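2 protein chains.
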Amino acid sequence: MSKAIPQPVTDLIEALSRLPGIGPKTASRLTYYLLRAPDELSLTLAGAIGDLKAKTRYCSTCFNITENDPCPICADTHRDRTQVVVVEAPLDVLAVERTGAYRGLYHVLHGAISPVDGIGPDDLKIRELVVRIQAGDVLEVIIATNPGMEGDATAMYLQRQLAASGVKVTRLARGLPTGGDVEYVDPVTLLRAFEGRHEM
Amino acid sequence: MSKAIPQPVTDLIEALSRLPGIGPKTASRLTYYLLRAPDELSLTLAGAIGDLKAKTRYCSTCFNITENDPCPICADTHRDRTQVVVVEAPLDVLAVERTGAYRGLYHVLHGAISPVDGIGPDDLKIRELVVRIQAGDVLEVIIATNPGMEGDATAMYLQRQLAASGVKVTRLARGLPTGGDVEYVDPVTLLRAFEGRHEM
């Protein structure tokens, strides 16, 4: 870059540009914002980024991100230990928790099978899930991988892996999103909604 | 937030949400990205944020952000010391530098006059500009504040403050942006283009 930009500014712009969805323009804007903002913001941010990995780990049961192992959900004796929702990522756990309707446990795969990206079953927490199911009290595994090619492939793989265990394996329904509009919905979603139609 | 989220994760989401243009959703996405990314990225980012303020300062002449005082532009003996472009922010200096056509100096105001936001002339580097112009070799001050209400108010204020110094005060032309389309341009810009029309 031009010598009009000091090195520490260039360094931060480059580091921020490595984050997903942040291009060089956004990175410059954020950097110059931090320059003008109170020192406290930079300190808080640098500290929080430093603590993020240092103070968190995977739960050894469900592989969600946690400060303590086991995580608060796995440690909660009031939760239903017969159901396990399988998700791709920690943010999916949050989404399910926000419904307020699910009282069972989770299992975080940390990705989905994607041959294009070189991600196979061994790169995910699938073996750990199979072992966990064989070991125990679980009656139903609810697969909540993303609706899409990779999530579908992962769901099918899981179903085959879990077949021998005799546990019930279900998958979240596909159909019209609530508040959506039939006129504007994409054809694949509409097709799935037809396939999944039920008597009223 | 839910107990499904460990504190270090919440802390970083909150800190990132304080940045402009980053809402809670983007902040979560970035946080969970950092959790999955190699430690090196978090370390680089935390380091770069820490260094940003620690290793930079304002140039005591032009008030651009710099590692060394005076900044490389002010220190460059090959630049034309008779012209000063006045801008609102350091990123504006970069924009002018990118044209490759300007060889003079700069003055960064660090904002624009905005009564709504409680920003008056004393909050900007205006007095420093007046002193700088009185002191010296400058023949022309080119005002390059943003085209808009606040930039216009700032430009008018500067013009009055600099009138006594006898220096030539100019402002960047307003008109149609190159590559723009008369059909889609906003009315104010079109009006300015009419006002600024010149014989061919």
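Listed in order, the protein sequences are those of chains H and R. Quick note: to get my numbering, add 906 to the position in the first sequence (first position is 1). Quick note: to get my numbering, add 906 to the position in the second sequence (first position is 1). Heads up, the beta-carbon is just placed ideally off N, CA and C, and yes, glycines get one too. Predicted model, so just to flag it, every value in this text is computed and none were measured.
Going by DSSP, what residue range makes up the alpha helix (DSSP H) through residue i?
i, result
"residue 985 of chain R", "That residue, residue 985 of chain R, is in no alpha helix (DSSP H); it is neither H nor E in DSSP."
"residue 1094 of chain R", "1093 to 1101"
"residue 924 of chain R", "Residue 924 of chain R -> no alpha helix (DSSP H), and no H or E assigned at all."
"residue 1063 of chain H", "1055 to 1069"
"residue 1014 of chain R", "No alpha helix (DSSP H) holds residue 1014 of chain R; the beta strand (DSSP E) holding it covers 1011 to 1014."
"residue 959 of chain R", "945 to 960"
"residue 1080 of chain R", "First-last for residue 1080 of chain R: undefined, no H or E at that position."
"residue 980 of chain R", "978 to 981"
"residue 1003 of chain H", "996 to 1005"
Which stretch, first to last residue, makes up the beta strand (DSSP E) that contains residue i?
i, result
"residue 967 of chain R", "Run containing residue 967 of chain R: none; DSSP gives neither H nor E here."
"residue 1046 of chain R", "1046 to 1049"
"residue 1074 of chain R", "1074 to 1077"
"residue 1088 of chain R", "No beta strand (DSSP E) holds residue 1088 of chain R; DSSP gives it neither H nor E."
So that I know if they touch, is there some Cβ in chain R lying closer than 9 Å to that of residue i?
i, result
"residue 930 of chain H", "no"
"residue 1033 of chain H", "no"
"residue 915 of chain H", "yes"
"residue 939 of chain H", "yes"
"residue 935 of chain H", "yes"
"residue 1013 of chain H", "no"
"residue 1019 of chain H", "no"
"residue 984 of chain H", "no"
"residue 1039 of chain H", "no"
"residue 1024 of chain H", "no"
"residue 1007 of chain H", "no"
"residue 1101 of chain H", "no"
"residue 997 of chain H", "yes"
Express the C-alpha separation of residue j and residue i in angstroms, rounding to a whole number.
i, j, result
"residue 926 of chain R", "residue 957 of chain R", "20 Å"
"residue 1006 of chain H", "residue 1025 of chain R", "46 Å"
"residue 921 of chain R", "residue 1021 of chain R", "29 Å"
"residue 980 of chain H", "residue 919 of chain R", "23 Å"
"residue 1032 of chain R", "residue 968 of chain R", "11 Å"
"residue 1037 of chain H", "residue 1091 of chain H", "40 Å"
"residue 907 of chain R", "residue 974 of chain R", "Only weak support is given to the placement of residue 907 of chain R: the predicted model assigns it a pLDDT of 44, under 50, and the value that follows is read from those uncertain coordinates. Approximately 44 Å, taken between the alpha carbons."
"residue 1056 of chain R", "residue 1055 of chain H", "51 Å"
"residue 1068 of chain H", "residue 1075 of chain H", "8 Å"
"residue 988 of chain R", "residue 1013 of chain R", "13 Å"
"residue 1071 of chain R", "residue 1063 of chain R", "14 Å"
"residue 1027 of chain R", "residue 1086 of chain R", "34 Å"
"residue 1079 of chain R", "residue 1047 of chain R", "14 Å"
"residue 1066 of chain R", "residue 1105 of chain R", "29 Å"
"residue 933 of chain R", "residue 972 of chain H", "18 Å"
"residue 963 of chain H", "residue 961 of chain R", "33 Å"
"residue 1101 of chain R", "residue 931 of chain R", "45 Å"
"residue 913 of chain H", "residue 959 of chain R", "12 Å"
"residue 976 of chain R", "residue 924 of chain R", "32 Å"
"residue 1058 of chain R", "residue 1077 of chain R", "10 Å"
"residue 945 of chain H", "residue 917 of chain R", "17 Å"
"residue 1039 of chain R", "residue 986 of chain R", "14 Å"
"residue 928 of chain R", "residue 970 of chain H", "24 Å"
"residue 1034 of chain R", "residue 1053 of chain R", "23 Å"
Could you check whether the Cβ of residue i sits closer than 9 Å to any Cβ belonging to chain H?
i, result
"residue 967 of chain R", "no"
"residue 948 of chain R", "yes"
"residue 971 of chain R", "yes"
"residue 921 of chain R", "yes"
"residue 1027 of chain R", "no"
"residue 912 of chain R", "yes"
"residue 960 of chain R", "yes"
"residue 1048 of chain R", "no"
"residue 1105 of chain R", "no"
"residue 990 of chain R", "no"
"residue 957 of chain R", "yes"
"residue 1089 of chain R", "no"
"residue 926 of chain R", "yes"
"residue 987 of chain R", "no"
"residue 1003 of chain R", "yes"
Do residue i and residue j have their CB atoms nearer than 9 Å?
i, j, result
"residue 1017 of chain R", "residue 1029 of chain R", "yes"
"residue 1094 of chain R", "residue 910 of chain H", "no"
"residue 1044 of chain H", "residue 1002 of chain H", "no"
"residue 1015 of chain R", "residue 995 of chain R", "yes"
"residue 1088 of chain R", "residue 1050 of chain R", "no"
"residue 1176 of chain H", "residue 1081 of chain H", "Because chain H here runs from 907 to 1106, residue 1176 of chain H falls outside it and cannot be looked at."
For chain B, is any of its Cβ atoms less than 9 Å away from the one on residue i?
i, result
"residue 993 of chain R", "Chain labels in this structure do not include chain B; the protein chains are H and R."
- prompt: Can you find at least 3 beta carbon pairs, one from the region 940 to 952 of chain H and one from the region 946 to 960 of chain R, that sit closer than 8 Å?
  reply: yes
query: On the three-pair Cβ rule with 8 Å, is the region 978 to 994 of chain H touching the region 929 to 947 of chain R?
result: Of all C-beta pairs linking the region 978 to 994 of chain H to the region 929 to 947 of chain R, fewer than three are shorter than 8 Å, placing the two stretches out of contact.
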